[in-house]
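**Student:** Starting off with a structure, shown below.
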Amino acid sequence: MTSARTTLSFYRYLNVENPETLMNELRAEWAPLDVLGRIYVAFEGINAQLSVPSDNYVMFQRLVLSRFPEIPFKLALEDKDDAFTKLVIKVRPKIVADGLNDSAFDVTEVGRHLSAREFNEAMQDPNTIVVDLRNHYECEVGRFDNALMPSANTFREALPEMIEALSGQEDKKLLLYCTGGIRCEKASAYFKYKGFRDVNQLHGGIIDYARQVQAEGLPTLYRGKNFVFDKRIAEAITEDVLATCHQCEGAWDIHRNCRFEGCNRLFLQCPSCETEFEGCCSKTCQEIMQKPKEERNFLQQEWERKGGPKAYWSKTRLAAEYIRAKRPLDEPLPVH
């Protein structure tokens, strides 16, 4: 019988002298405890999303705190035993791919951290603008009401998009939020560098907000789901279904990946459309999946040779347009 697991995340910006050494040491300490998850280490710090057997949680916590004193743990509202399937620890240039030149501004000049109660109160201020710093597919299944949301596919793209959208409103009170708080850390400093004078951020992100409102009996002003980057896909914060199936526009808020692995696009598909489209995001992908395996593999290899789905969707912006249009996308694959 599989033992219960605890799902959590944590991050910290700090000076890491040798990221590769840290990576190896963490792997040696955590693997015997059956820790699973995805961890990035860099010269600027650590960013971890993981799960640990509940029986080993106290020991794991002690190990982490011995290295990173007082680092805050964000525990998931919903634990899923297969949220992660292996332990992956990688050295990266940054713990979040933000596209920023850190030497151009003071990354330590972050915004004011607000508790769930303070964030709720600040949202009542008419001079306030709530800014979602997640990707468009995260925003569509859950958000704070009236939040300014990006159409971008990545944080690297979302940040300049939000700066441009807020141009001329530097005197407004900004309330930034993201999944667990890490994107807001450097973003808040960047907003201040760009001339915004009253920059605030939700402490611990949506993950900690949900726990605080539950523990303190506060009203939740966040509606819908919180998208997470593991097999859970999302955590339900409220029962509201804010999104719609991308193919029939019926209420639906559970993401899946296109069945054609050469595409693998993340999208929203209800059970009825899953049957009709055979788990594919478009008629094009469905037709490819119906071809003989040899021909299907050739098409997949050709697409990957030309940059793969990520390069294609990012370059053409079809993904964002598709979300806004809410229709089946039948663009031909760029294989010829």
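Read left to right, the sequence shown gives residues -7 to 328 (our numbering).
All residues carry an ideal CB built from backbone N, CA and C; glycine is no exception.
Give, in chain order, every unbroken run of the alpha helix (DSSP H) that is at least 4 residues long and sits entirely within the stretch 158 to 200.
**Tutor:** 174 to 185
**Student:** Going by the CB atoms, is the gap between residue 216 and residue 196 shorter than 8 angstroms?
**Tutor:** no
**Student:** Report yes if the CB atom of residue 123 is closer than 8 angstroms to the CB atom of residue 154, and no otherwise.
**Tutor:** Yes, Cβ-Cβ distance for residue 123 and residue 154 is below 8 angstroms.
**Student:** Apart from the five residues on each side of it in sequence, which residues of its chain come closer than 8 angstroms, Cβ to Cβ, to residue 309?
**Tutor:** For residue 309, the pLDDT reaches just 39, beneath the cut-off of 50, and the residue's location in the model is therefore unreliable, although a value from the coordinates is still provided. A distance below 8 angstroms between beta-carbons, with the five flanking residues on each side excluded, links residue 309 to no residue of its chain.
**Student:** Determine, using beta carbons only, whether residue 102 and residue -5 come nearer to each other than 8 angstroms.
**Tutor:** no
**Student:** Which of helix, strand or coil does DSSP assign to residue 122?
**Tutor:** In the structure shown, residue 122 sits in a strand (DSSP, three-state: E or B).
**Student:** Assign residue 21 to one of three DSSP states: helix, strand, or coil.
**Tutor:** helix
**Student:** Along the chain, where does the alpha helix (DSSP H) that runs through residue 63 open and close?
**Tutor:** Neither: residue 63 is in no alpha helix (DSSP H) and is coded neither H nor E.
**Student:** Residues in its own chain within less than 6 angstroms of residue 10 by CB, not counting five upstream and five downstream?
**Tutor:** Once the five neighbours on either side are set aside, residue 10 has no close Cβ partner at all.
**Student:** What does the alpha-carbon distance come out to for the pair residue 12 and residue 21?
**Tutor:** 14 angstroms
**Student:** From the beta carbon of residue 88, is the nearest beta carbon of chain B less than 8 angstroms away?
**Tutor:** The structure shown contains no chain B, having only a single protein chain.
**Student:** Got a sec, what are the start and stop residues for the alpha helix (DSSP H) residue 263 sits in?
**Tutor:** Here the alpha helix (DSSP H) through residue 263 covers 263 to 268.
**Student:** Please state if the CB of residue 78 and the CB of residue 28 are separated by a distance shorter than 8 angstroms.
**Tutor:** yes
**Student:** Using beta-carbon positions only, say whether residue -2 and residue 44 come within less than 8 angstroms of one another.
**Tutor:** yes
**Student:** Which one of 42, 109, 256 has the shortest CA to CA distance from residue 213?
**Tutor:** 109
**Student:** Assuming contact is defined by CB atoms lying nearer than 8 angstroms, are residue 260 and residue 245 in contact in what I supplied?
**Tutor:** The Cβ-Cβ distance between residue 260 and residue 245 falls below 8 angstroms.
**Student:** Using the Cβ count rule (16 or more neighbours within 10 Å means buried), how would you classify residue 39?
**Tutor:** buried
**Student:** Can the beta-carbon of residue 104 be found closer than 8 angstroms to that of residue 76?
**Tutor:** No.
**Student:** Looking at the secondary structure, which residues open and close the alpha helix (DSSP H) in which residue 285 lies?
**Tutor:** Residue 285 -> alpha helix (DSSP H) spans 285 to 297.
**Student:** In terms of DSSP beta bridges, what is residue -1 paired with?
**Tutor:** 43
**Student:** Taking only three categories from DSSP, how would you classify residue 230?
**Tutor:** Three-state DSSP puts residue 230 in coil, outside helix and strand.
**Student:** Leaving out the 5 sequence neighbours to the left and right, which residues in its chain are closer than 8 angstroms to residue 23 when beta-carbon positions are compared?
**Tutor:** Only 79 meet the Cβ criterion.
**Student:** May I ask you to list the residues that DSSP assigns as paired with residue 214?
**Tutor:** 136
**Student:** Checking 8 angstroms against the spacing of the C-beta atoms, do residue 66 and residue 158 come in under that value?
**Tutor:** no
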